[in-house]
Amino acid sequence: MPPPPEPTSRPFQVDLRGIVDLLSRSIYSGPQVYLRELLQNGVDAITARQALPGAPAGAIRITPASAPGEDLVFTDNGIGLTAAEVGELLATVGRSSKRDVLDLPRTDRLGQFGIGLLSCFMVSDDIRVLSRSAGGEPPVEWVGSADGTFTVREIPESELLDVAGPGGLAIGTQVRLRPRSVGAGEGDLTSAAGVLDLASRYGAYLPVPVRVDLPGGGEQTVSSQPLFAQPFSLPSPQLLALGKELIGAEPLDAIALHVPATGTRGTAFVLPFAPSPGARQATRVYLRGMLLSERVDDLLPEWAFFARCVVDTTGLRPTASRESLIQDDALEETRAELGAALRRWVATMANRDPVRLSTFLGVHHLALRALVLHDDELAAFIVPWLPIETSNGQTTYRELLRRGEPLRFAETVDEFRQIAAIARPDAPVINGGYVYDSDILRRLPDLIPGTVVETVTITDELASLDVPALAERPAAQRLQARAEAALKDLDCTVLVRSFAPDTLPALHIADAGVLRRLQRQRAKEAGSGMWASILQRIDDAQDASNTSDGETQAVGAAGQLCLNWRNRLVRALAESEDELLLARTVRVVHVQALLAAHRPLRAVERASLTDALTDIVHLSAGLGADLGDLPHAPGEN
1 MPPPPEPTSR PFQVDLRGIV DLLSRSIYSG PQVYLRELLQ NGVDAITARQ
51 ALPGAPAGAI RITPASAPGE DLVFTDNGIG LTAAEVGELL ATVGRSSKRD
101 VLDLPRTDRL GQFGIGLLSC FMVSDDIRVL SRSAGGEPPV EWVGSADGTF
151 TVREIPESEL LDVAGPGGLA IGTQVRLRPR SVGAGEGDLT SAAGVLDLAS
201 RYGAYLPVPV RVDLPGGGEQ TVSSQPLFAQ PFSLPSPQLL ALGKELIGAE
251 PLDAIALHVP ATGTRGTAFV LPFAPSPGAR QATRVYLRGM LLSERVDDLL
301 PEWAFFARCV VDTTGLRPTA SRESLIQDDA LEETRAELGA ALRRWVATMA
351 NRDPVRLSTF LGVHHLALRA LVLHDDELAA FIVPWLPIET SNGQTTYREL
401 LRRGEPLRFA ETVDEFRQIA AIARPDAPVI NGGYVYDSDI LRRLPDLIPG
451 TVVETVTITD ELASLDVPAL AERPAAQRLQ ARAEAALKDL DCTVLVRSFA
501 PDTLPALHIA DAGVLRRLQR QRAKEAGSGM WASILQRIDD AQDASNTSDG
551 ETQAVGAAGQ LCLNWRNRLV RALAESEDEL LLARTVRVVH VQALLAAHRP
601 LRAVERASLT DALTDIVHLS AGLGADLGDL PHAPGEN
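Going by UniProt numbering, the first residue of the sequence shown is number 1, and it counts up by one from there.
Printed below as a string of structure tokens:
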């Protein structure tokens, strides 16, 4: 048998329609990018010509398709293409598009031109390229079809006017697209309104003028200087107007951004509202003046949720779609530098404009506190400026740390309110009961070495209060017994101590267990019989666990009233022998202490207040009639 024939080598056949479909479905976000690619090709060609001596100023002109059957014409006065370069376009498209798909950089201008030209097949089935090279070669024509065929020829000078129109063909490149007759969306993208919108969007800050011919005559230049990329110390009204357009509201402030290593300049706008938890950063990024994307979400650090940025860069690299950035060392360095700029802004505001910083923290404090728990980088610079409530009023962690003393805090808002009433000014107590505050306080020793943090309770504070002087102790003990008898039906015990301020007659003290019991009692009053029965069983079980070997807890089921021996009213009560007046006054003081502790009154306490005040009025008027059903203290008639 004869040997089998040797296999023959064949080139791959490229399905251009398949490539265009891949571009539109998997790489580009939509057909609108065709104009961005044409603009990029035009800018690249102009940049190449500017390197030649005597080159004129670059310019781009776009004539939209004003009627069905007419071409969209894109013209630049760049370096132009030779016949050899035009002939290699389709082959170069194959090579450069592969590199783009792998996210590798495109460094050859011809490759960039080719892949950009392919995007035009998303809005047109036929592309015509006319070009005259700056090197003096004859003008050329390239005509490509979406079916994968193309022709290339040099244009004789005798045909030039017929091919290029009355103006002939100057040095540069002219791209003509015949929009599809179907698809209103595609037609809109090549109409005057569509082209003007896309040119304004993508080419607003290109370094060359971009002019769009208008249907009724005249032209509109859409390119201008990027105001946001200019250095500034104070934001101008125009810059703040740009920020309002970007974030939808007047920004709190504008922060200049500059990263020399990657040629990145821009502005960060501080949000005047707290963004939703799922909101993305949505930074607008331009690459050498060309819009890359309006929603890049990885340029700022994750903690910089309170800012929206617009930047222009020359050193960051785009992905194949040119709609996002490649994650590399340059991007990481830029992200770190932008974060440093935001941190400097916070420090500057703290030193120069604390009112504005306070406004900023008032808007974003909750999200900042949440991030502090998980982001050491953010915590290190933002925690000192966070506002915090203390027994001396509002302050910042920075001011508290300056004292060089341990930071004392209460775990809950209720406990803080009790402690704050008797805390000494030189030993303030911090309210750790608001969201995240206790967790932040516990982290402080790790975040700021040398910081000492202590938890305080109302029990600790009571133990530190002064007892009355030895000579006055019998009178204080007698007052304690008389007052406790007056509050017996309210299940509230009494304690007499000396504390500041003298103007405060009493404190109502309740630990966590008492507060839970009071909540159950209110629920029983408002709930159904079955639910009230369940809650009563819980109370009974709690009472049983709180009583051991016949010894009952010191704090009553409704809390404890601590009378201030230094207060004039309390001393007057101790000296009074009128048991009726003492009992009614103690009940009023008890309700006053409850209200000062921000505790809702139970029905029995509301009734107690009403009856006590009524009886006091009767006593003061000398009526001596029916004084109600209030319990009598020992010795009352």
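Ideal placement from N, C-alpha and C gives every residue a C-beta, glycine not left out.
Inter-residue spacing [alpha-carbon to alpha-carbon] between residue i and residue j
i, j, result
"valine 140", "leucine 160", "10 Å"
"alanine 593", "asparagine 431", "20 Å"
"proline 474", "phenylalanine 499", "18 Å"
"leucine 325", "leucine 316", "7 Å"
"aspartate 375", "tryptophan 303", "8 Å"
"arginine 288", "leucine 342", "23 Å"
"leucine 386", "tyrosine 397", "6 Å"
"glycine 80", "aspartate 44", "10 Å"
"aspartate 611", "glycine 559", "21 Å"
"histidine 618", "arginine 584", "11 Å"
"valine 175", "glutamate 88", "17 Å"
"glutamine 225", "leucine 400", "47 Å"
CB-CB length for residue i against residue j, believed under 8 Å
i, j, result
"valine 429", "arginine 408", "5 Å"
"phenylalanine 306", "valine 259", "20 Å between Cβ atoms; not a contact."
"asparagine 41", "glycine 58", "Going by Cβ atoms, the distance from asparagine 41 to glycine 58 rounds to 13 Å, so no, they are not a contact pair."
"leucine 252", "phenylalanine 360", "6 Å"
"valine 212", "leucine 196", "5 Å"
"threonine 334", "threonine 264", "5 Å"
"arginine 599", "histidine 508", "7 Å"
"glutamine 238", "leucine 227", "6 Å"
"valine 413", "tyrosine 436", "Not really, about 13 Å apart at Cβ, beyond 8 Å."
"glycine 266", "valine 296", "About 11 Å separates the two Cβ atoms, so there is no contact after all."
"serine 223", "glycine 243", "That belief does not hold up - the Cβ atoms of serine 223 and glycine 243 are roughly 21 Å apart, past 8 Å."
Span of the beta strand (DSSP E) around residue i
i, result
"serine 293", "290-296"
"valine 152", "150-154"
"glutamate 219", "219-221"
"phenylalanine 74", "72-76"
"glycine 144", "140-145"
Cβ neighbour criterion (16 or more within 10 Å) applied to residue i
i, result
"glycine 116", "buried"
"histidine 364", "buried"
"glycine 248", "exposed"
"aspartate 578", "exposed"
"aspartate 312", "buried"
"proline 56", "exposed"
"serine 276", "exposed"
"glycine 216", "exposed"
"serine 548", "Caution applies to serine 548, whose pLDDT of 47 falls short of 50 and renders its modelled position unreliable; the model cannot decide the point."
"alanine 83", "buried"
Endpoints, the alpha helix (DSSP H) within which residue i is located
i, result
"serine 620", "603-621"
"asparagine 41", "33-50"
"serine 438", "437-447"
"leucine 569", "568-575"
"threonine 359", "354-372"
"leucine 202", "Looking at the sequence provided, one finds tyrosine at residue 202 rather than leucine. First-last of the alpha helix (DSSP H) with tyrosine 202: 192-202."
"glutamine 238", "237-247"
"threonine 459", "458-464"
"aspartate 376", "376-382"
"glycine 87", "83-87"
"histidine 590", "579-596"
"arginine 398", "397-402"
Beta carbon proximity, residue i to chain D, threshold 8 Å
i, result
"arginine 211", "Annotation note: the requested chain D is absent from the structure, which comprises a single protein chain."
From the options, residue whose alpha carbon lies closest to that of residue i
i, options, result
"cysteine 120", "Arg280, Val73 and Gly339", "Val73"
"alanine 486", "Arg497, Phe306, Leu581 and Glu575", "Leu581"
"glutamate 323", "Tyr34, Asp615 and His618", "Tyr34"
"proline 354", "Pro384, Thr503 and Val588", "Pro384"
"glycine 168", "Leu130, Gly135 and Leu601", "Leu130"
"glutamate 85", "Ala67, Arg153 and Pro237", "Arg153"
"alanine 261", "Ala336, Gly203 and Ser464", "Ala336"
"glycine 148", "Leu118, Pro138 and Ala330", "Leu118"
"arginine 178", "Glu137, Gln225, Gly69 and Val617", "Gly69"
"alanine 134", "Asp328, Ala420 and Ile46", "Ile46"
"glutamate 411", "Glu37, Ala427, Ser391 and Ser438", "Ser438"
"leucine 504", "Ile422, Leu470 and Leu490", "Ile422"
"alanine 146", "Ser124, Pro156 and Gly30", "Ser124"
"alanine 279", "Glu219, Val285, Ala367 and Gly266", "Ala367"
"isoleucine 60", "Gly362, Val210, Arg132 and Asp460", "Val210"
"tryptophan 345", "Ile255, Tyr286 and Ser293", "Ile255"
"threonine 348", "Ile382, Glu332, Ala330 and Asn564", "Ile382"
"phenylalanine 232", "Ala268, Ile62 and Ser321", "Ala268"
"leucine 38", "Leu198, Ala170, Ser158 and Pro138", "Leu198"
Any non-hydrogen atom of the ligand NAP closer than 7 Å to residue i Cβ
i, result
"alanine 500", "The ligand content of the structure shown is nil, which means the ligand NAP is not present either."
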